[in-house]
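See structure below.
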Amino acid sequence: MNVEDVVEWANNSIFDKTETGEHLTPIQEAILTGVWQRQKYPQIAKDFHCSESHVKKEAAKLWEKLREELGKDLNKFNFRSKVEKKYRVSNISHLHDSLLQIDNVICGQFIQNIKNEKARSPSPPDSPQNKSQSPIIDLTDAPDFPDYYDRTSELSTLKQWILQAHTRLITVYGLSGIGKSAIALQLIEQTQTEFDYIIWLSLTNTPTLSTLQTELKQFFGRSQQPPLPTVIDYFRSSRCLVILDDVQNIFKSSELAGQYLAGYEDYGKFFKQTATSSHQSSLILLSWEKPREITALEAENRATRTLHIKGLGEQAAEILREKGLADEEKWSELITLYQGHPSWLNIIAATIWELFDGSVSLFLADGSDVFLGDLEPILESHLERLSDSEKKALYWLATQNEAVDISRQPADSLLSKSEFWQAIQSLARRGLFEKVLVGTRSKFQIDPVFKAYIQSK
Ligand SMILES: Nc1ncnc2c1ncn2[C@@H]1O[C@H](COP(=O)(O)OP(=O)(O)OP(=O)(O)O)[C@@H](O)[C@H]1O
Ligand SMILES: [Mg+2]
15 MNVEDVVEWA
25 NNSIFDKTET
35 GEHLTPIQEA
45 ILTGVWQRQK
55 YPQIAKDFHC
65 SESHVKKEAA
75 KLWEKLREEL
85 GKDLNKFNFR
95 SKVEKKYRVS
105 NISHLHDSLL
115 QIDNVICGQF
125 IQNIKNEKAR
135 SPSPPDSPQN
145 KSQSPIIDLT
155 DAPDFPDYYD
165 RTSELSTLKQ
175 WILQAHTRLI
185 TVYGLSGIGK
195 SAIALQLIEQ
205 TQTEFDYIIW
215 LSLTNTPTLS
225 TLQTELKQFF
235 GRSQQPPLPT
245 VIDYFRSSRC
255 LVILDDVQNI
265 FKSSELAGQY
275 LAGYEDYGKF
285 FKQTATSSHQ
295 SSLILLSWEK
305 PREITALEAE
315 NRATRTLHIK
325 GLGEQAAEIL
335 REKGLADEEK
345 WSELITLYQG
355 HPSWLNIIAA
365 TIWELFDGSV
375 SLFLADGSDV
385 FLGDLEPILE
395 SHLERLSDSE
405 KKALYWLATQ
415 NEAVDISRQP
425 ADSLLSKSEF
435 WQAIQSLARR
445 GLFEKVLVGT
455 RSKFQIDPVF
465 KAYIQSK
């Protein structure tokens, strides 16, 4: 669905629903177009040569007119996802017809692009894109988000790795709730026409590798006959994008990061094979921690890349705006305190409403201590996965006031130098620990929210 379709749909909808047969006004059309393209109101006002308050007033009228169609909670943040959802549902019958030759239709969230056939990259003669111009998508395992804000720079990195550098194995890692699944969905949204197949599988229920491979082969095999013997064969014959979510579930707790559970070691071999064999597909792992072999593959430059997802930065202000918090001048302080972590900020915003009726100033009035509240169980779920040596290193680091130079063994860390370095390396592979440049030296520092939690224990 492109922006012209959206404007036409909104125009018809308003015409049908209003007694006097109203149409979109030019400014409302500009607002719709801008919001669809994820522009902010100040930008829309600038482009339309009017004030921001005028845009806000007209936008309020516009959302009111569209609420009957899209729901009472409609606003600029959820407009696009609501339209896409509505459009998707109404297209399922169309999709069913289009894919009748495939005996089992797979409904994906972005499948509406079946209508939106775009030019695709050249492909081998027997690949399915010569039979159908649209990717076959299965996002049944993917989470559904009401809305998310673009992570432009991370997205362009991922797109460059996949589309230009043909990276075969990508690990996207970071803390729980930091936005790994959200960014992967955005990536699919923006690259889907480049693929023949897109599938999202979650490892929450710890499927064995053989179960996972059977599921993948069944998915690819529905439209490719005769069936091919291995997943890598499908990766060779078609352009596939496979997202494996919640990968940390196949790693051990109480051990250094990225070590496979007993019986799951063959996943490591599969990841390695994906990185080193020649094919035209990409496998993306979303995980709290990096698998161990990834560092070596990356070092050998074996079509392998890793992206550490961090907070949203200033963009996180949109979350606070959406939550309707007050005292905008204090928002950046709040964002810095909680590292721009979207999920933490959502939780803290709820607390601010519960305790201070939405006033960020009152919440922050008592100094810069990090209030943890409902974040504690989330933080604990990370800490309980740590090995003993990581706990010792982390607890020692939580006592340090500044970023730490690890070249010298700390006298009071209770670990040997090699245990200490290994622990630091492992904590970094979990995104709990960051390298910062102090002068010309790289030093390490612990996430301040975790620091506060550890200190409170
Ligand atoms: N780009 C974004 N814009 C707005 N909100 C976001 C964004 N990314 C994440 N969020 C918010 O944070 C929540 C968690 O995001 P997401 O599920 O993508 O995290 P995750 O890293 O996949 O977490 P987990 O490892 O627990 O699966 C989302 O439900 C959403 O509310
Ligand atoms: Mg996720």
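If you use our numbering, the sequence shown corresponds to residues 15 to 471, in order.
All C-beta atoms, glycine included, are put in the ideal place defined by N, C-alpha and C.
Local conformation of residue i per DSSP, three classes
i           : result
residue 113 : Since pLDDT at residue 113 reaches only 35, below the 50 mark, its modelled position is unreliable, and no value is offered.
residue 248 : helix
residue 152 : strand
residue 307 : helix
residue 279 : coil
residue 302 : coil
residue 61  : helix
residue 335 : helix
residue 173 : helix
residue 16  : coil
residue 38  : coil
residue 422 : coil
residue 467 : helix
residue 295 : coil
residue 322 : strand
residue 242 : coil
residue 190 : coil
residue 52  : coil
residue 266 : coil
residue 314 : coil
residue 457 : strand
residue 224 : helix
residue 406 : helix
residue 167 : helix
residue 71  : helix
residue 195 : helix
residue 210 : coil
residue 344 : helix
Near ligand 1: residue i beta-carbon under 6 Å from a heavy atom
i           : result
residue 194 : yes
residue 277 : no
residue 248 : no
residue 352 : no
residue 356 : yes
residue 191 : yes
residue 162 : yes
Own chain residues within Cβ distance below 7 Å of residue i, not counting five before or after
i           : result
residue 429 : 403, 406, 407, 437
residue 13  : Since the first residue of the chain shown is 15 and the last is 471, residue 13 is not available in this structure.
residue 293 : 182, 246, 249, 250
residue 280 : 223
residue 177 : 205, 208
residue 50  : 17, 20, 94
residue 82  : 31
residue 469 : 412
C-beta atoms of residue i and residue j nearer than 7 Å
i           : j           : result
residue 72  : residue 41  : yes
residue 289 : residue 443 : no
residue 70  : residue 28  : no
residue 314 : residue 286 : no
residue 299 : residue 261 : yes
residue 344 : residue 374 : yes
residue 341 : residue 361 : no
residue 363 : residue 339 : yes
residue 215 : residue 158 : no
residue 171 : residue 304 : no
residue 197 : residue 212 : no
residue 347 : residue 378 : yes
Cβ shell of residue i (< 6 Å), same chain only, five flanking positions each side left out
i           : result
residue 25  : 37, 38
residue 359 : 330, 333, 352
residue 267 : 399
residue 365 : 387
residue 311 : 289, 318
residue 52  : 164
Beta-carbon proximity list for residue i, same chain, < 8 Å, skipping 5 on both sides
i           : result
residue 204 : 169, 173
residue 192 : 323, 324, 325, 355, 356, 357, 445
residue 477 : Since the displayed the chain opens at 15 and closes at 471, residue 477 lies outside it and no answer follows.
residue 220 : 263, 264, 275, 278
residue 96  : 84, 85, 88
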